[in-house]
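Visitor: Protein chains in written order, with my numbering: chain A, 44 to 389; chain B, -12 to 294.
Structure below; questions to follow.
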């Protein structure tokens, strides 16, 4: 009778399991074997639980508006610098196109035509081992910048009037205002220059969901911007600004749009097969982003009581249908409530 | 030039806003140094700001208070502090195409954020950033025990969120040399050292940076102004900076890994402005920042071991 020595059992720490077989690792969390434990994600959150946001405004000296947004381990710094674009230098500026004149074309977005808002996302700051400096912007960085740019203009967040610098030419004529000819063009106020806002978004640390954090940082920094009072000095023929805080103005923003990204995690790795078990994971981190293909981004605004949907974008799969979309929009509305507190309070 | 991979501004080009106060140039608005010549600014140092990196650190030096002027001005015209963040990735294996190296290959990147200085910077690296990167690499190369990691590389990336200015904004357009860069380099060395320690890379000692300057401020009427040595200079607080020196110092071994001296030294007009005197004072300044560095690293170690 031979006695076999007991086989040593192979056991790894959790992190090793996560690296070796990530998909079964996450699936085991979401579909636990024992009925007693509640399904959670690998990071301990429930599938519909967001990470707590932290917003801090006004910390940078040289920026007109600045903010630091921290959502979990994703940290973003956004600084807004303003510079002056003279109307005479602006390519494509026509006085007739200005919305204040009676014959301006409809849907003319002056800020977009003249490139007055310039957002840029910089990922290559060493925020994650995948993004090291020394390379030109990756596809992800370029697509994020473009998404922020198009959302910024399509949401009409910034009022074009805030960016214009008007000049009222002084009435140098003497008396004799009786004739019609006196009322010449020179006395009407004209736009002499525009404010251009350079919105620079730097990622200090990235742990998934860069778009939501970047958009929240843009909105928060725009709320923090203080533009100095600017006027056209006719003697020096240049735009001068005043330093006093009392004469500066804040931007009038239209609403408070918030972006919410969710990913769809499938039970089986193959794409085919209908009626597959799936989970909708909100506010994903890097680990989950590597395992999911299908993503939905919804931009909502609830500053006027009802949930206004500014944008819905869905790519990567066919699992999300009308019912799931409704559920996602509800989750987005709930997240608006969570994020609006620090954004409005800061 | 248009960068096709980024969103560009208006084609016509924009210019920074000119403030009427700048044209009036009221000298009473210049900030004045209130510290003693041998007192450093308060430093805030914290590690672990980027959890996905091997090691990271954040350094902040407080900004100097503006003088008591009548109306509070917009922040964009006041003097800035220093805000740096550093991430360390490594030791990682070198790519297969790289030749064999018996010691670790250190790569440093230093980058100003576009909103870091009064004049907006672009996204492409320019000469001053490359200069800072080379000095940082020199300072760190002597500290890391490279033989323990053959065929490996480590990347040290410093991002400058807010940098020092070279001169007071109201001084007019006379070109000052890059004095702000000296304080920035001293901060870079300290923060990189903290991040490397956070990453657990073996070093012979903890290196810290110290900077001093030989400044000449106008005294009251008539007297010939003489130069004095101040530690941790803020360039906008002084009328004229004659020379500046920065060292990267190892207190445990009493060694210096990097020295950079700029300006006029050794001239009899400025008192005892010899090279040795400047470096001795810079070493004292480095010892000051070393104290803060060690205290921050002790906290990190307690947290890591306690976990």
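For every residue, glycine included, the Cβ atom is placed at its ideal position computed from N, Cα and C.
Whose C-beta lies closer than 8 Å to the C-beta of residue 41(A) among residues of the same chain, with five residues either side of it excluded?
Guide: The requested residue 41(A) is not part of the displayed model; chain A covers only 44 to 389.
Visitor: Am I right that residue 194(B) and residue 262(B) are in contact with their C-beta atoms under 8 Å? What's the rounded C-beta distance?
Guide: Locating residue 194(B) in the second chain gives position 207, where the first residue counts as 1. Locating residue 262(B) in the second chain gives position 275, where the first residue counts as 1. Contact doesn't hold; Cβ gap of about 21 Å is too wide.
Visitor: So if I threshold CB-CB distances at 7 Å, which residues from the segment 76 to 107 of chain A count as touching chain B?
Guide: Going along the segment 76 to 107 of chain A in chain order, one finds 103, 104, 105, 106 and 107 with a Cβ nearer than 7 Å to chain B.
Visitor: Go ahead and pull the three-state DSSP assignment for residue 170(A).
Guide: On the first chain, residue 170(A) is found 127 positions in, with the first residue counted as 1. Three-state DSSP puts residue 170(A) in coil, outside helix and strand.
Visitor: Please classify residue 384(A): is it buried, with 16 or more other beta-carbons within 10 angstroms of its beta-carbon, or exposed?
Guide: Counting from 1 along the first chain, the entry for residue 384(A) is found at position 341. Exposed, because fewer than 16 other Cβ atoms sit within 10 Å of the Cβ of residue 384(A).
Visitor: Taking buried to mean at least 16 other C-beta atoms within 10 Å of its own C-beta, is residue 308(A) buried or exposed?
Guide: Translated into the one-based positions of the first chain, residue 308(A) becomes position 265. Answer is buried; the Cβ neighbour count reaches 16.
Visitor: Is there a C-beta anywhere in chain B that falls below 8 Å from the one on residue 57(A)?
Guide: Translated into positions along the first chain, residue 57(A) becomes position 14. By this cut-off, residue 57(A) is not an interface position.
Visitor: Suppose you measure from the CA of residue 38(B) to the CA of residue 291(B); what does that come to, to the nearest Å?
Guide: Residue numbering aside, residue 38(B) sits at position 51 when the second chain is read from its first letter. Residue numbering aside, residue 291(B) sits at position 304 when the second chain is read from its first letter. Cα to Cα, residue 38(B) sits roughly 13 Å from residue 291(B).
Visitor: So, is residue 207(B) buried or exposed, given that buried needs 16 or more other C-beta atoms within 10 angstroms?
Guide: Counting from 1 along the second chain, the entry for residue 207(B) is found at position 220. With a pLDDT of 38 at residue 207(B), under the threshold of 50, the modelled position of this residue cannot be trusted, and the question is left open.
Visitor: Taking Cβ-Cβ distances shorter than 7 Å, what residues in chain A pair up with residue -1(B)?
Guide: If you number the second chain from 1, residue -1(B) lands on position 12. Residues of chain A passing the Cβ test: 128, 132, 133 and 134.
Visitor: Between which two residues does the alpha helix (DSSP H) carrying residue 267(A) extend?
Guide: Reading the first chain from its first residue, position 224 is the one you call residue 267(A). Residue 267(A) -> alpha helix (DSSP H) spans 253 to 267.
Visitor: Pick helix, strand or coil for residue 332(A), following the three-state DSSP scheme.
Guide: Within the first chain, residue 332(A) is the residue found at index 289, counting from 1. If DSSP states are grouped into helix, strand and coil, residue 332(A) belongs with the helices.
Visitor: I believe residue 93(B) touches residue 127(B) by the beta-carbon criterion, under 8 Å. Please report the beta-carbon distance rounded to the nearest angstrom.
Guide: Here residue 93(B) corresponds to residue number 106 of the second chain, with the count starting at 1. Here residue 127(B) corresponds to residue number 140 of the second chain, with the count starting at 1. Residue 93(B) to residue 127(B), Cβ: 6 Å. Contact.
Visitor: Give the DSSP-derived three-state secondary structure of residue 26(B) in the structure shown.
Guide: Start at 1 with the first residue of the second chain, and residue 26(B) comes out as number 39. Coil.
Visitor: With a Cβ-Cβ cutoff of 8 Å, do residue 108(A) and residue 268(A) count as a contact?
Guide: As a position in the first chain, residue 108(A) is number 65, starting the count at 1. As a position in the first chain, residue 268(A) is number 225, starting the count at 1. Their beta carbons are under 8 Å apart, which means residue 108(A) touches residue 268(A) by this criterion.
Visitor: Start and end of the beta strand (DSSP E) containing residue 200(B)?
Guide: Position 213 of the second chain, counted from the start, is the residue given in the question as residue 200(B). First-last of the beta strand (DSSP E) with residue 200(B): 195 to 203.
Visitor: Shorter than 7 Å, the distance from the beta carbon of residue 111(A) to the closest heavy atom of the ligand MG, or not?
Guide: For the ligand MG, the structure offers nothing, since it holds no ligand at all.
Visitor: Let me know the secondary structure DSSP gives residue 177(B) once reduced to three states.
Guide: Within the second chain, the letter at position 190 stands for residue 177(B). Helix at residue 177(B).
Visitor: Is the separation between the beta-carbon of residue 57(A) and that of residue 324(A) shorter than 8 Å?
Guide: The residue given as residue 57(A) occupies position 14 in the first chain. The residue given as residue 324(A) occupies position 281 in the first chain. Taking 8 Å as the Cβ cut-off, residue 57(A) and residue 324(A) do not qualify as a contacting pair.
Visitor: By Cβ distance below 6 Å, which residues in the same chain neighbour residue 20(B) in space, the five residues on each side in sequence not counted?
Guide: As a working note, residue 20(B) is residue 33 in the second chain. Cβ within range, chain order: 224.
Visitor: Roughly how many angstroms lie between the CA atoms of residue 184(A) and residue 166(A), to the nearest whole one?
Guide: Numbered from its first residue, the first chain carries residue 184(A) at position 141. Numbered from its first residue, the first chain carries residue 166(A) at position 123. Taking the straight line joining both Cα atoms gives about 6 Å.
Visitor: What is the DSSP secondary structure of residue 298(B), counted as helix, strand or coil?
Guide: Any answer about residue 298(B) is impossible in this case: the structure gives chain B only from -12 up to 294.
Visitor: Measuring alpha carbon to alpha carbon, tell me which of 254(A), 265(A) and 251(A) ends up nearest residue 242(A).
Guide: Here residue 242(A) refers to the residue found at position 199 when the first chain is read from its first residue. Selected option, being the one with the closest Cα: 265(A).
Visitor: If you run the structure through DSSP and keep just helix, strand and coil, what is residue 266(B)?
Guide: Counting from 1 along the second chain, the entry for residue 266(B) is found at position 279. DSSP places residue 266(B) in helix when its eight states are reduced to three.
Visitor: Terminal residues of the continuous beta strand (DSSP E) containing residue 241(A)?
Guide: Stepping through the first chain from its first residue, residue 241(A) is reached at position 198. Counting along the chain, the beta strand (DSSP E) containing residue 241(A) begins and ends at 233 to 248.
Visitor: Just to confirm, are residue 334(A) and residue 66(A) a CB contact at a threshold of 8 Å?
Guide: Position 291 of the first chain, counting from 1, holds the residue named residue 334(A). Position 23 of the first chain, counting from 1, holds the residue named residue 66(A). Against a cut-off of 8 Å, the Cβ pair of residue 66(A) and residue 334(A) comes out as a contact.
Visitor: Contact between the segment 152 to 161 of chain A and the segment 272 to 292 of chain A is defined here as three or more beta-carbon pairs at a separation below 8 Å; is this criterion met?
Guide: Segments in contact, no.
Visitor: Could you name the residues of chain B that residue 207(A) contacts, counting a contact when the two beta carbons are closer than 7 Å?
Guide: In the first chain, residue 207(A) corresponds to position 164, counting from 1. Ordered by position in chain B, no residue passes the 7 Å Cβ test against residue 207(A), which lies about 14 Å from the chain.
Visitor: DSSP three-state call for residue 250(B): helix, strand or coil?
Guide: To locate residue 250(B), count along the second chain from 1; it is residue 263. Residue 250(B): strand per DSSP, three-state reduction.
Visitor: Taking residue 151(B) as the reference, give the member of 130(B), 80(B), 131(B) and 102(B) with the closest Cα.
Guide: Here the question's residue 151(B) lines up with position 164 in the second chain. Of the listed residues, the one whose Cα sits closest to residue 151(B) is 102(B).
Visitor: Whole angstroms is fine: what's the gap from residue 307(B)'s alpha carbon to residue 181(A)'s?
Guide: Residue 307(B) falls outside the range modelled here, since chain B spans only -12 to 294, and no answer is possible.
Visitor: Helix, strand or coil for residue 43(B), going by three-state DSSP, please let me know.
Guide: Residue numbering aside, residue 43(B) sits at position 56 when the second chain is read from its first letter. In the structure shown, residue 43(B) sits in a strand (DSSP, three-state: E or B).
Visitor: For residue 41(B) and residue 344(A), I'd like the C-alpha separation in whole angstroms.
Guide: Mapped onto the second chain, residue 41(B) falls at position 54. Mapped onto the first chain, residue 344(A) falls at position 301. If you take the alpha carbons of residue 41(B) and residue 344(A), they lie about 38 Å apart.
Visitor: Once the 5 residues before and after residue 91(A) are set aside, which same chain residues still bring their CB inside 7 Å of it?
Guide: As a working mapping, residue 91(A) is identified with position 48 in the first chain. Cβ within range, chain order: 325 and 374.
Visitor: Distance check for residue 113(B) and residue 98(B), CA to CA, integer angstroms please.
Guide: Against the second chain, residue 98(B) aligns to sequence position 111. Against the second chain, residue 113(B) aligns to sequence position 126. So the alpha carbons of these two residues sit roughly 9 Å apart.
Visitor: Beta-carbon of residue 67(B) versus every beta-carbon of chain A: anything under 8 Å?
Guide: Start at 1 with the first residue of the second chain, and residue 67(B) comes out as number 80. Chain A, which has a Cβ nearer than 8 Å to the Cβ of residue 67(B), makes this yes.
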